[in-house]
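Engineer: This note's numbering puts the sequence shown at residues 1199 to 1492.
All C-beta atoms, glycine included, are put in the ideal place defined by N, C-alpha and C.
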Amino acid sequence: MKTIIKDIAYLVAGGKTGQIQRNVDMLIEDGMITGIGRDLQNDQAMLLDASGMIVYPGLINTHHHFYQVLTRNIPEIQNLELFDWLLWLYQRWRHLTPRMLYDASMVAMGELVQFGCTTMVDHHYVFPKYQSGMLEAQFEAAEKLGVRLHACRGSMSLGESRGGLPPDDLVQNATEILEDSQRLIDAFHDPSINSFRQIILAPCSPFSVDAELMRHSAQLARDNSVLLHTHLAETEDEVQYCLDAFGRRPLLIWKIWDGLEMMFFLHMEYISMIRSWIYWPKLKREWLIAPFPI
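1) Buried or exposed for proline 1389, please, with buried defined as at least 16 other CB atoms from any protein chain shown within 10 angstroms of its CB.
2) Note the first and the last residue of the continuous alpha helix (DSSP H) segment covering alanine 1409.
3) Mark glutamate 1377 as exposed unless 16 or more other C-beta atoms lie within 10 angstroms of its C-beta, in which case mark it buried.
4) Run through the DSSP bridge pairs and tell me what cysteine 1350 is partnered with.
5) Whole angstroms is fine: what's the gap from alanine 1419's alpha carbon to alanine 1385's?
6) If you follow the alpha helix (DSSP H) that leucine 1257 is in, where does it begin and where does it stop?
7) What three-state label does DSSP hand lysine 1342 in the structure shown?
8) Kindly indicate the opening and closing residues of the alpha helix (DSSP H) around leucine 1280.
9) Please name the residue, chosen from Pro1448, Val1324 and Tyr1254, that lies closest to leucine 1287 on a Cα-to-Cα basis.
10) Under a three-way DSSP split, which group does methionine 1298 fall into?
11) Please report how far the alpha carbon of tyrosine 1468 lies from the alpha carbon of aspartate 1442, in whole angstroms.
12) DSSP has glycine 1212 in a bridge; who is on the other side?
13) Does the region 1295 to 1307 come close enough to the region 1265 to 1278 that 3 or more CB-CB pairs lie under 8 Å?
14) What did DSSP end up calling isoleucine 1272 once you bin it into helix, strand or coil?
15) What are the boundary residues of the beta strand (DSSP E) that aspartate 1247 is part of?
16) Taking the alpha-carbon of tyrosine 1300 as reference, which of Met1199, Leu1285, Asp1282 and Asp1320 has the nearest alpha-carbon?
17) Where do the N-terminal and C-terminal ends of the beta strand (DSSP E) with threonine 1232 fall, by residue?
18) Since lysine 1200 and isoleucine 1226 should fall inside the 8 Å C-beta cutoff, what is the C-beta to C-beta distance between them, to a whole number of angstroms?
19) Looking at isoleucine 1252 and valine 1222, is the spacing between their C-beta atoms short of 8 Å?
20) Roughly how many angstroms lie between the CA atoms of serine 1403 and serine 1353, to the nearest whole one?
21) Who are the near neighbours of leucine 1382 in its chain, counting only those whose CB is closer than 7 Å to its CB and skipping five residues on each side?
22) I'd like to check one pair, serine 1359 with isoleucine 1375: are the Cβ atoms closer than 8 Å?
23) My output table needs one value for methionine 1224: the three-state DSSP class, helix, strand or coil.
24) Buried or exposed: where does histidine 1429 fall if 16 or more other Cβ atoms within 10 Å of its Cβ makes it buried?
25) Please report the straight-line C-alpha distance between glutamine 1380 and glycine 1357, rounded to a whole angstrom.
26) Where does valine 1369 sit, in a helix, a strand or coil, going by DSSP?
27) Checking the sheet assignment: what are the DSSP bridge partners for cysteine 1315?
28) Any idea which residues DSSP pairs isoleucine 1391 with across the strands?
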C-alpha cells in the first residue's frame, strides 16, 4: 500500500536536530516512509491533503500500567503512600479478568493515541489465579487500534507469607512465570524493524520478586534477545523496605544478588527506573528516567 501525504505545512523530522521542513510531501510504502520532498508523484498512491497541517513522528510512552485505569480516581486512596496504596488495590486487582484488561487497555491506549502516541510499553504484572490470556487481550486491543505495543510480561513471585508485599494468591512461582514468558515470546515477539508486537520481561520490583526470579528472567531475556524492565527505587517506602530486608538501598541490592550487577548495570539500556528516588550523602534527588531503546 502506498500513500502520499501532500502539502504538509510543517514536517517535524525528529532526531537530534529536530529538523523542520515546510511545504513538503511524504511518501509512505507498506508502513515505511520512503520519500520526503516537494511534488512527489506516484500513480498507485492514495493522496492525503495535509495543507495547513503539522506532521510529526508518533510519540513513545515507555512505561504504563493499562489495567490501573479501572481503579483510578478512587477518593479514599488518592493521598496514600505507595505501599498502603498497593495493599488496598491488591484486594481489587485480584479479581481482574482478560476482558477487563482488554477494556482497560482500549481506554488507556485510546487516551495515548489522542495525544499523538503510537508506540506504547505496558508493564502488566497482575495475573490472578485461574485466569489466562491477559497479554493476548492487550495485543488484541492494540491491533484494533493500530498501535505498536511492547507488552511487558511482568511478574510477582514474593508473596506476603515470604516477606513480600502482594497477597499470596497474586504471585506465581518462578517456573510458572518463566514458562509463560517463553510461551509469549514464541507466540508474539517480533523483532523486525517495523514490528507492532514485542515482548519484554519485567519482574516487578524488589518487594514483590525474589532474587532467583530476577536472575532467571535476566538470563531468559538474554537468551531470547528481548528487553528487560523493572521498577527500582520508586518511593521512600521502597527505600525503607530494601534497608530493612537487605540492609542496602535499592540501587545497591544488585550487588548481593550474584550475577545481576553485570546484567543490569552493564546493560543499563535494558532497565527503566520510573520516579526513582536516588540517595546521595545528605542529598535527595528525584530522577525521571526511562532509557528504553525503542
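Structural biologist: In short:
1) exposed
2) Its alpha helix (DSSP H) spans residues 1409 to 1422.
3) exposed
4) His1321 and Ile1398
5) 15 Å
6) That residue, leucine 1257, is in no alpha helix (DSSP H); its beta strand (DSSP E) goes 1257 to 1259.
7) Residue state, collapsed to three classes: helix.
8) Boundaries of the alpha helix (DSSP H) harbouring leucine 1280: 1280 to 1291, taken from the DSSP string.
9) The candidate whose alpha carbon is nearest that of leucine 1287 is Val1324.
10) helix
11) In this prediction, tyrosine 1468 scores a pLDDT of 35, lower than 50, which makes its location untrustworthy; the coordinate-derived value is nonetheless stated afterwards. About 27 Å.
12) Gln1217
13) yes
14) In the three-state reduction of the DSSP assignment, isoleucine 1272 falls in the coil class.
15) 1244 to 1247
16) Closest by C-alpha distance to tyrosine 1300, out of Met1199, Leu1285, Asp1282 and Asp1320, is Asp1320.
17) Where threonine 1232 is concerned, the enclosing beta strand (DSSP E) starts and stops at 1230 to 1235.
18) 7 Å
19) No, these two residues do not count as a Cβ contact at 8 Å.
20) When rounded, the separation of the alpha-carbon atoms in serine 1403 and serine 1353 is 9 Å.
21) Leu1333, Arg1351 and Ile1397, listed in sequence order.
22) It is not a contact, given that the beta carbons lie outside the stated cut-off.
23) strand
24) Answer is buried; the Cβ neighbour count reaches 16.
25) 23 Å
26) coil
27) Leu1257
28) According to DSSP, isoleucine 1391 bridges with nothing at all.
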